[in-house]
Amino acid sequence: MFLTKRLLLRPYKESDLDSMVDSLSDYETQLLASPGFHVPQGPKTKDWFRDKLDNVALFHIVIEEKATGDYVGWLYMVAKETKNRDAVFAIVLSSTHQNKGYGKEIMDFVVDYAFKNLALHRLSLSVFGNNPRAREVYLKAGFKEEARIRKGLWIDGE
């Protein structure tokens with residue numbers, strides 16, 4: 001378990017899967033976090049989470065508010081190539097917990113932890129063009145834009 005100023009970051013439990021699926025069923029969250037079809041998620045999403053998080057993820061953390069215990073979101077990190085000490089990660093915040101500065105707080109923790117405690121050489125992530133707030137947080141955390149996929153995300157007929 002890890003603590004930041006306002007957040008508790010802990011391992012996920014089976015009981016968290018409902019909140020995780022609910023957050024991915026939220027249309028606003030889907031627009032920012034998922035390239036797939038923006039539709040409510042069903043029971044198969046739990047199976048997808050179990051497989052990815054139990055078998056692929058380097059670690060997976062559920063994020064809660066320290067003060068209230070409210071579910072904020074989740075993050076996971078996957079080793080792309082262990083030999084190269086290279087990993088990729090993703091953060092998904094529920095729509096009710098966006099625009100509160102939690103993204104920056106989480107980024108500060110993740111970047112520090114990845115390089116100091118996991119001895120990573122490289123850490124990367126992806127962000128969609130329709131999520132400028134996240135992009136700004138990532139740039140401020142020291143990430144550099146390496147590529148841009150044009151017209152790779154279809155939203156509302158465009």
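Mapping the sequence shown onto UniProt numbering, position 106 (from 1) lands on 106, and the numbers just tick up by one. Cβ coordinates follow ideal geometry from the N, Cα and C atoms, glycine included. Since this is a predicted model, take the numbers as computed values, not measurements.
Decide if the segment 103-113 is in contact with the segment 129-140; the criterion is three or more beta carbon pairs, one per stretch, under 8 Å apart.
Verdict: yes, contact present.
Residue 1 beta carbon less than 8 Å from that of residue 74:
Taking 8 Å as the Cβ cut-off, residue 74 and residue 1 do not qualify as a contacting pair.
Beta-carbon within less than 6 Å of residue 97's beta-carbon, same chain only, minus the 5 sequence neighbours each way: which residues are those?
72.
Looking at the structure shown, is residue 90 part of a helix, part of a strand, or coil, going by DSSP?
Residue 90 carries a strand assignment under DSSP once its states are collapsed to helix, strand and coil.
On the criterion of 16 or more Cβ atoms from any shown chain inside 10 Å, does residue 64 qualify as buried, or is it exposed?
Burial call: buried.
Compute the distance between the beta-carbons of residue 121 and residue 85, then report whether it is under 8 Å.
Taking the C-beta atoms as reference points, residue 85 is found nearer than 8 Å to residue 121.
C-alpha distance - residue 14 paired with residue 46, whole-angstrom precision
Using only the alpha carbons, I get a separation of about 9 Å.
Under the rule that 16 or more other beta-carbon atoms within 10 Å means buried, what is residue 69, buried or exposed?
Exposed is the label assigned to residue 69, since fewer than 16 other Cβ atoms lie within 10 Å of its Cβ.
Which residues share a DSSP beta bridge with residue 81?
Partner residues in the beta bridge of residue 81, as assigned by DSSP, are 86.
Where residue 103 falls, given that 16 or more other Cβ within 10 Å makes a residue buried
Counting Cβ neighbours within 10 Å, residue 103 comes out buried, since at least 16 surround it.
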